[in-house]
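Top line first, the protein sequences correspond to chains A and B.
Throughout the first sequence, residue numbering follows the numbering used here, covering 1 to 361 in sequence.
Throughout the second sequence, residue numbering follows the numbering used here, covering 1001 to 1288 in sequence.
C-beta atoms are modelled at their ideal positions from N, C-alpha and C, and glycine is treated no differently.
The next block holds one structure in the form of structure tokens; read it before the comments.
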Amino acid sequence: MRQMVMVSDQTINEALRLGTSMAAIELMIPILKKYGIANFDVSLDYLPSDGVPKQLLLHPLLRCKIHSSLDEIAKVRQMGFSKVILSWFHQPSQSSLDQLTEALTAAQEFAQEIYLCIENAEELTIPELTSYWSLLSRYRVKRFIYQDVRSSLEPLGVCRKLESLQQTVPCPIEFHGHNTYGLATANSLAALRSGVQYVAAAVSGIGSPNHAAMEEVLMAVKHLWKQDQVPSGSSLTADCIEILSYMGISLPVDKALIGRDVFAHESGIHVDGITKNPLLYEVIQPEEVGQTRQLIIGKHSGTASLKIKFLQWNLELDQAEALELLEKVRRLASVQKRPLSDLELHQLYWRRNQMDQSQLG
Amino acid sequence: MDGKMGFQLVDTTFRDGEQSAGVVFSTEEKINMAIALDRAGVAWIEAGTPAMGQEEQETLRSLLALPLRTTLIAWNRAELADIRASLSCGFSCIHISLPVSDLHISQKLKKDREWVIQQLKTALQLVQSYGCTITVGAEDTSRADSDFFLKFADVAAQYGATRIRFADTVGCLDPFMTFDRLQDVVKRCSLPIEFHGHNDFGLATANTLAAFQAGVQFASVTLAGIGERAGNASLEEVVASLEKFYGYHCGIEASHLGSLADLVAKASNRPLFPYRPVVGSVCRKTIL
């Protein structure tokens, strides 16, 4: 199971769907290229009608995804694409593959690389899928893209099916999962486990329908499977945030690995543990994805959290002081329905001390 | 590989969910969410931690006073003072949590395995004497020795616990590890197992489904997957997936999932990501 993980990026395609400017897309590409990107996939449907900049069209990793029709093939040929994904939706009633064969023949005339994607591959029986194998050989299809457009797969099924297919398919398989049920990352890992090297993914899983989250797939392989050929994640958070910002997308604060708060600790038990050894409550160190650990003081804090927080300011709280302050912290956090800022915490502490002084005086 | 019939979800939005950094629910919000969870068919709600203090206890008493079909559970460390706080609130279903990994036992508690077993016995004796329903949590099971987890479960069973929580506390399992590990322990465990997954690598839902396939009988979830760090397994994703992939209806009505997620999004001040599975705006129109 030691292998390269190559990503077919779907982020740029979502940017096109959202109408992101070409200038912004050109800025996104070099950032994404840091993460084992094999291809940038763009749908003909989303390309701007007023023309695609030559620089983007000629990008060596760009693939254009089209429906398998002569009309669309003529368009991508005219536009100058050399890598084409023919997308095909298998229907049991359709006995003839004439249309697909015609499309493959036409694509062969100009395309340097042809990929065949069956959008609903998951719904097909092994004999139905096998009926495509001769086309893959005849037209020298570079990879067969097994898409699960309706999110109909769960991980154990993905692994089982792809292991079986790889025994007969005449070219490498690429897995394209979707995330309607929250399983795309796991399904992509399952595909990798079966021996597939290429998986489709987008930053934070964006897309319509949505995809596997690129950062989750890569970091799971790197840290859970201990595969060190996966690119470093040390600038991952900043890179993902920058890419999404070009599309006007804000990340949820709890987005796995790259969300703002995924290395923030508030509950007393967790802060106490993190202070003793971060591994107690963190599966990876925040620096490994370009984040920093945060200590939040709020409703779920304990006395240990307060002592640690105040020690950072060179103030030592004894247990009685911490307990007294904790009660006020919890009350204020509940009233304002959010944690305390450092300033609010200072104010609570100094106000109490001033009261002590005045009582003494 | 179908999961056992009777697989049930334990909602921990108010306990593990609210513990996520920066989130505070008001009493009113908890009441509204508890009523909505109950109406949707959630059978178990981990309602909170009475040891947190008087204000929390007042909120928990308000929840206990509601006419709900669901069973409310109080979360406790295995400390007598914590348990007494839960009993005084009026809880009749008590959860006791202790770590089982050597990492947690040695570095967090500064104790040994024998101490953990003794502490569990002491805590359970107290709860048992009040005739409560007992559930036990084994923190950090995914990084623990399986045999020690099974011994811990045996002790819990001897003292009347009704289930044992297998916690993937730091979210370090993938679905294949989860399936292999749980298929083994389910066969050897003296208690029904509850899987408790975290989402650090985005795998909490997949791991929960793998646990279902391995034969566990319960799973912890939260609304919109809210929880420590990257959160817990999401109730919406697990409910929708169980129906989609295994045709299994866990008693929770899918038609309630959108409004439940909206409630927690508002109460936590965390708007739903449009691309969020099941309940985000991109997916919701497709499946709900």
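Query	Result
Mind checking if S334/A is an interface residue toward chain B, Cβ cutoff 7 Å exclusive?	yes
Would the region 1124-1134 of chain B and the region 243-261 of chain A be scored as touching if the rule is three or more Cβ pairs under 8 Å?	no
Taking just the CA atoms, how far does Q1107/B sit from S1220/B?	26 Å
Which residues of chain A have a Cβ atom closer than 8 Å to the Cβ of V1186/B, listed in chain order?	Within chain A, no residue comes near V1186/B; the closest Cβ sits about 16 Å away, beyond 8 Å.
Could you give the DSSP three-state label for I1164/B: helix, strand or coil?	strand
Checking contacts by CB at 7 Å: is L1242/B closer than that to chain A?	no
Rank A111/A, N277/A and W88/A by C-alpha distance to the C-alpha of A74/A and give the top, closest one.	A111/A
When the Cα of R193/A is compared with those of A1123/B, V1100/B, F1148/B and D1174/B, which residue comes out closest?	D1174/B
In three-state terms, what does DSSP make of H346/A?	helix
How big is the Cα-Cα spacing for K226/A and L1203/B?	17 Å
Taking only three categories from DSSP, how would you classify D71/A?	helix
Quick one: what does DSSP say K1030/B is sitting in, helix, strand or coil?	helix
Helix, strand or coil for W1075/B per DSSP?	strand
Ignoring anything shorter than 3 residues or poking outside the region 1091-1136 of chain B, list the beta strand (DSSP E) runs there in chain order.	1093-1099
Please report whether the beta-carbon of V1282/B lies at a distance below 7 Å from any beta-carbon of chain A.	yes
Just curious, the beta strand (DSSP E) that S1086/B is in, first and last residue?	First-last for S1086/B: L1080 to C1089, but that is the alpha helix (DSSP H), not the beta strand (DSSP E).
What residues from chain A crowd round T1205/B, counting only those whose CB sits closer than 7 Å?	G182 and L183
Considering just the uninterrupted stretch of the beta strand (DSSP E) at F370/A, what are its terminal residues?	Because chain A is modelled from 1 through 361, residue 370/A falls outside the range shown and cannot be assessed.
Of the choices V1216/B, H1256/B and K1121/B, whose alpha-carbon is the least far from that of G1041/B?	H1256/B
Using the three-state DSSP reduction, which class does M6/A fall into: helix, strand or coil?	strand
Could you tell me if W1115/B is buried or exposed, where buried requires 16 or more neighbouring beta carbons within 10 angstroms of its beta carbon?	exposed
Under the three-state reduction of DSSP, which class applies to S305/A: helix, strand or coil?	helix
Applying the criterion that 16 or more other CB atoms from any shown protein chain within 10 Å of the CB defines a buried residue, is P127/A buried or exposed?	exposed
Of the residues A38/A, E282/A, N187/A and D41/A, which one's Cα is nearest the Cα of P155/A?	N187/A
Whole beta strand (DSSP E) runs in the region 133-205 of chain A with 3 or more residues, listed along the chain?	143-147, 173-176 and 198-201
Please compile the residues from chain B whose C-beta is within a distance smaller than 7 Å of the C-beta of A353/A.	Rather than Ala, the amino acid found at residue 353/A in this sequence is Asn. Near N353/A there are no residues of chain B at all, since even the closest Cβ is about 22 Å away, more than 7 Å.
So, at 6 Å on beta carbons, what are the nonlocal neighbours of I1096/B in its own chain, with the 5 sequence-adjacent residues on each side left out?	N1076, A1078, A1123 and V1136
Quick check on K1004/B: buried or exposed, where buried means 16 or more other Cβ atoms within 10 Å of its Cβ?	Here the model assigns K1004/B a pLDDT of 46, short of 50, so the residue's position is not dependable, and the following value carries that caveat. It is exposed - the Cβ of K1004/B has fewer than 16 other Cβ atoms within 10 Å.
Between V230/A and the rest of its own chain, which residues show a CB-CB distance below 8 Å, the 5 nearest in sequence each way excluded?	V5, G36, L218, M219, V221 and K222
Starting from the C-beta of K307/A, find all residues in its chain whose C-beta is less than 8 Å away, skip the five residues before and the five after it, and write them out in chain order.	E316, L317 and A322
Under a Cβ-count criterion, where at least 16 other Cβ atoms within 10 Å of its own Cβ denotes burial, should S234/A be classed as buried or exposed?	exposed
Between the C-alpha atoms of D1016/B and V42/A, what's the straight-line distance to the nearest angstrom?	40 Å
According to DSSP, simplified to helix, strand and coil, what is A1138/B?	strand
Would you mind telling me which residues of chain A sit closer than 8 Å to C1108/B, beta carbon to beta carbon, in chain order?	It should be noted that the sequence gives Lys, not Cys, for residue 1108/B. The contacting residues are D272, G273, K276, N277 and L280.
Any idea if L165/A is buried or exposed, counting beta-carbon neighbours within 10 angstroms, 16 or more meaning buried?	buried
Can you tell me which of the three DSSP states G1225/B falls into?	helix
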